[in-house]
Each structure stands twice: as C-alpha cells, then as structure tokens.
Amino acid sequence: MTLTAPAHESDTQTGAHTTKSAGHVIVDTLVAHGVKRTYVVPGESYLDVLDGLHESVIDTVVCRHEGGAAYMAEADGKMQEVPGVAMVTRGPGAANAHVGLHTAWQDSTPMVLFVGLIPFEHRDREAFQEFSPKAWFSSGAKRVMVLDHAERASEIVAEAMFAAVSGRPGPVVVGLPEDIIKREIPSALHPPIPVATGGMTVTDWKALKDALEEAEKPLFVFGGNDWTPEGAEAFTRWLEDHHLPAAAEWRCEGTVPFASPSYVGPIGYGRPKPTYDLLEETDLLVFVGTVPGDVITDGFNVRQNWDQKNFLITMDPSLRGRSGPVTHQIVAKPDVFVRDLVRMDLPVKEEWVEWTSRMRGEQEKFAALPSADPTDGPARMDTLMANLVPRLPEDAMVTFGAGEHTNWAHRYFPTNGYASMLSARNGSMGYSVPSAVAASLRYPDRTVVTIAGDGEFLMNGQELATAAQYGATPLVVVMDNQEYGTIRTHQERDYPERVSGTQLKNPDFALMARAFGGFGVRVEHDGDVPAAVDAALAATAEGSFALIHLIVEQRVKAY
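Now the structure itself:
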C-alpha cells in the first residue's frame, strides 16, 4: 500500500497536545493511507467530514446519484492498491449506494463506503432517515462498523482500510453518526495496518512444479482485482517463456494482454466455444486470483469431476464461491505468487507449444476485426468496432456494465495490461458511465471507452454531468437496440415468441450528451459510422467527453 504524509504533519507529531473534530481526523487518516480521491453525494449527516475535505489534498468528486458514486469508488478500487472511497448520507442515500457494495462484494474489490447516520442520541426512535447499517449491509460487506466513540475515529478508518484489502478484498461500511464526528478528539493518527500477502511454501512449490511437469495440456486462468501492473507483466513473461496458455475470467481481460501469444480468450457467460471446451480438455487448471465459481463453470456444471486437477491461488482460505475439485490451494496474493513462480524454470514440452498455439489460433480467429467498410443498411456495432479499434493507443481502457452489448468488447477490444478492462462481474447494469468517469479521472492521459446498452445507459447516464464538471473525457458508445437484450434472449429461449417486459422506447442520447456539455452524435446508418468515430475521438482529444448514439437492429449479436 502506498502511503503519503497526513495533511497536518505537525498534528501527528504532537497529537497528544492538539485536537480536531473526529470528522477532520477521519480525513487526515484517509490521506495517510494514500487516498487521492473520494466520490460523494453530500448529506447533512456528515458535514464535518465534508468540511475536513475542504482544504484536504483529497479530490472530492461530487456525483449525481449514490449508485454512481459507489460504482466510481468500486472502479477506483479495481485500478489501485488503495481501496476506493465513497461517501453518502443515511437512509435513502445508503440504499442507493447498496448496488455498488454488491458489485464490490462479488467482484472482490477493495472499497470503503462511509455513511452519515442520525445523531447517536436519536437512535432507535424512528428518527428521520434512520436505518440499521449492520442489518442492511452485514451480508454483503466484509465488515460493518459504526463510530460510536469519537476518539476511535482514526482507528476505525485504519481498520476499514485494512479489512478492505486483506485476505479476499471486498467492501467495508463505516457509519458516521452526525453528532459523534463533530466532537473534538486528540489528532494523533492510527498507523496503517500491514497486510499479509502469503506466498508459496516449499510444499506448494513442489506440488505445483510436479503437476506442471506431468501435465500435457495445462491452462492458467487469471482473474480478480488484486494484481498490480508489474505483477501482471511478470506473469505474462513467464507464461510466454514457457509457451503456456492463459484464459481470462469473465470480464477480467487484460492482465495477460490481448496481444500476448499466451492469451487464449475469455471464459464466462456467452463465451466462445473453444474456451468453453478448454475447461474439460485441460489436464491441469491453475486459477490465479480467482476460483472456479458459478460463471466460469457455467452454473456449477463444467469441471466438476473430482478426478480433475485444479490448483487455486487465492488469499481467501475459505475458497468462498468455488466449485469442483480442489487439488491444492496456495494462499497468496497474485503478485506474491508470481514473484515465486518466475523462479520456477521448467523445460518446455512440445505438447505445451502445440496446445498453446492451437488455442491462441482460435482466439486470433475469434478476435479478428470485421470489415471496416460500412454496409448499406442500419448502423452496426461490428462496423463501429472495426473503425474504432485500429485508432486506439496501446494503453486504451474499456469499461462496461451488463448486457449483450458487452460482448463486442470481450471479442474485439485490445486490453493490454492490468487493469485495462473495468466491469461488473455481478452483472450489475448502470456501471458503464460511472466507471468510465472514474477511469478517466484517474488516468487523464489515457483513452477510456465505455460501451453501454440503451437500458443500462439511462440507469446512471446522468453521471455525464460529473464528467463535464471534473473534466473527464471518456468516449461513450450507446448501443441502442430498443430492448433489454440479454433478458430478451433468455425469454426467446424459455418463452419463444412471447415478448413481454423487455422492449424500450428511448430518447435521443446524443442530445442528452450535448445538454450535459459534451459531444454527441446520433448514428442510424452504417455509412455514417466512420465519420462519427473520427468526430468523437477528436472531441475527446480536445478535452470533452463524447457520446455516439448507435441505433442498431434488434437480435444482432457479437457472437
């Protein structure tokens, strides 16, 4: 964890003789833990914390909905070693933010949500916007803490930051009673708590080495949000040196780059058939940073034979969410595992070379761009991707939420490095725009593209106002097929020709983008796609967000 000096160093040195409000101490503790940005929807319940942020080095990003703020913090947690931080108010605000917590829980993302609460003395009297944080959040957060003693303010924050990143990462909730955070307390700060990272024991090393030497068709599967770019690069080099293949957990592409000869494609819902078959064909699966859960195993159906070999590398000793056989668990964070792995020099088998080459060939065919030449008909996502992808820089990022529109990113977007793909693996809609805003703010010099469905866009599209306010410049592609497409697909399978509850009538999203202060273009004909891509990229280069409203036919899929 990267640490920075607190905002008032002299207060830390003479903490026994100086005092501050608990709310200001909370802010100082966040600074000391390396927090650079917090996403907020303000509330009177935590005004003292907002006051502490007034002169803090932390950037305060004011969002337009608590769900958007929570999604931005969750995305921030995926991009860095420090947990993402969001702040919302009691009752309705906390309820709106719950969607981001669920995303962080199922995606194993380090995140801390601060929730302003009613005054301590009003508790259990049905006060305005009163609710029980522990009753609401305890089943979907690693810890739920309430600051009932002002003098513990810095300690509680340190505990929250530690809990979010230790073991299997995840969300933590901290409740802040309005009256408690105003109390004056000593300003000394609790130091950051060291996080155990695990590592391979001699037994682990020997077990994995023996298994790899015996295997003819080994496969690594990478996932999770506990990597660093350096660890991902070292992992990729080791795989390539040994001609070993790696597949991406659903919506986790990029850790092993799209262009790597070791990358063989994504595994998850809507997966291409070659990678679907991989799970049964391989004679050794090594999961790094994730486990074989529901989505990877197609509803706990694939890779369930107890005689199959699965090695699981995760910091979660409970292996929560896993299914199928467990041959050996190595308790380690990905980077530490890779640190030990790269010292394992194995003779390259000819079978490995052939196996990896075959699967890489399948991936290259799958990811080959369609024709960039427009057709004479309606606008098509294929044409848009074929014109967009060649224009992207090496470090471009993509974000998206949930829906069939995401498959165009899975198939074609060149994710080259951790974390170049940000998404919601819990299938949460509305993630696309907030995550793109967070990514653009964290990496202002990188090209950030988000692909949103029409149904998803209207769930948090108002955060384009946040983008305009703080200078975020993502390119937003709204694929408008006038329906909730994924649900329609399930509907056609189970209730054929009985379309119900899935059709939409949409506004002009390009006009909305312009109303928010960005660039917007509506595209109905395929022939207009190339010019729209050029204009949108030019707008982002000039310092504005841009939106392409692409009107497409229904029932057209990426694969």
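Per numbering that gives the first Met the number 0, residue 0 is the first one in the sequence shown, and the count goes up by one each step. The beta-carbon is built from N, C-alpha and C at its ideal position, and this holds for glycine as well.
Residue 317 and residue 79 have their C-alpha atoms spaced approximately 25 Å apart. Annotation: residue 229 to residue 475 spans about 29 Å, alpha carbon to alpha carbon. Residue 186 and residue 438 have their C-alpha atoms spaced approximately 33 Å apart.
Contact between the region 287-300 and the region 170-190 is absent: fewer than 3 CB-CB pairs across the two stretches fall below 8 Å. Listed in chain order, the beta strand (DSSP E) elements of length 3 or more contained wholly in the region 220-266 are 245-248 and 262-266.
Note on geometry: alpha-carbon atoms of residue 477 and residue 548 lie some 5 Å from one another. Assignment of beta-bridge partners to residue 197 by DSSP yields 331. For residue 548, the enclosing beta strand (DSSP E) has its first and last residue at 545-550. Judged by DSSP secondary structure, residue 86 falls within the beta strand (DSSP E) whose first and last residues are 83-87. Three or more Cβ pairs closer than 8 Å define a contact, and the region 62-81 meets that threshold against the region 90-107. Of the candidates 531, 406, 53 and 67, the residue whose Cα lies closest to the Cα of residue 373 is 531. Linking residue 471 to residue 62 through their CA atoms gives a straight-line distance of about 13 Å. When rounded, the separation of the alpha-carbon atoms in residue 307 and residue 283 is 7 Å. Relative to the Cα of residue 236, the nearest Cα in the group 515, 523 and 337 belongs to 337. No Cβ-Cβ contact shorter than 7 Å links residue 404 with residue 329. DSSP places residue 40 outside both helix and strand once states are collapsed to three, so it counts as coil. Per the DSSP secondary-structure output, residue 521 pairs in a beta bridge with 548. Judged by DSSP secondary structure, residue 165 falls outside any beta strand (DSSP E); it is assigned neither H nor E. Residue 286: not part of any alpha helix (DSSP H); member of the beta strand (DSSP E) spanning 283-287, first to last residue. When DSSP states are grouped into helix, strand and coil, residue 383 belongs to the helix group.
For residue 19, the secondary structure class from DSSP, reduced to helix, strand or coil, is strand.
Residue state for residue 52 is assigned as helix, using DSSP reduced to three classes. Per DSSP, residue 58 is one residue of the beta strand (DSSP E) stretching across 58-61.
Along the region 444-509, the beta strand (DSSP E) occurs as fully enclosed runs of 3 or more residues at 447-452 and 474-479, listed in sequence order. Of the other Cβ atoms in all chains shown, fewer than 16 fall within 10 Å of the Cβ of residue 201; this residue is therefore exposed. The closest CA to that of residue 490, considering only 138, 443 and 554, is found on 554. For the pair residue 362 and residue 263, the CB atoms are nearer than the 7 Å cut-off. The Cβ atoms of residue 174 and residue 84 do not sit closer than 7 Å to each other. Runs of the alpha helix (DSSP H) spanning 4 or more residues and lying entirely within the region 378-439 occur at 380-387 and 405-411, in chain order. In the same chain as residue 239, and ignoring 5 residues on each side of it, the C-beta atoms closer than 7 Å to its own belong to 259, 260 and 261, in chain order. The beta carbon of residue 354 sits closer than 6 Å to the beta carbons of 216 from its chain, once the five residues preceding and following it are set aside; these are given in chain order. Excluding five sequence positions before and after residue 370, the CB atoms of its chain that fall closer than 7 Å to its own CB belong to 385, given in chain order. When the Cα atoms are used, residue 334 and residue 183 turn out to be separated by approximately 41 Å. With a beta-carbon spacing of about 6 Å, residue 544 and residue 463 fall inside the 8 Å limit used to define contacts. Counted as a single uninterrupted DSSP element, the alpha helix (DSSP H) harbouring residue 95 occupies residues 91-106.
From the listed residues 246, 351 and 41, the smallest Cα separation to residue 214 is found for 351.
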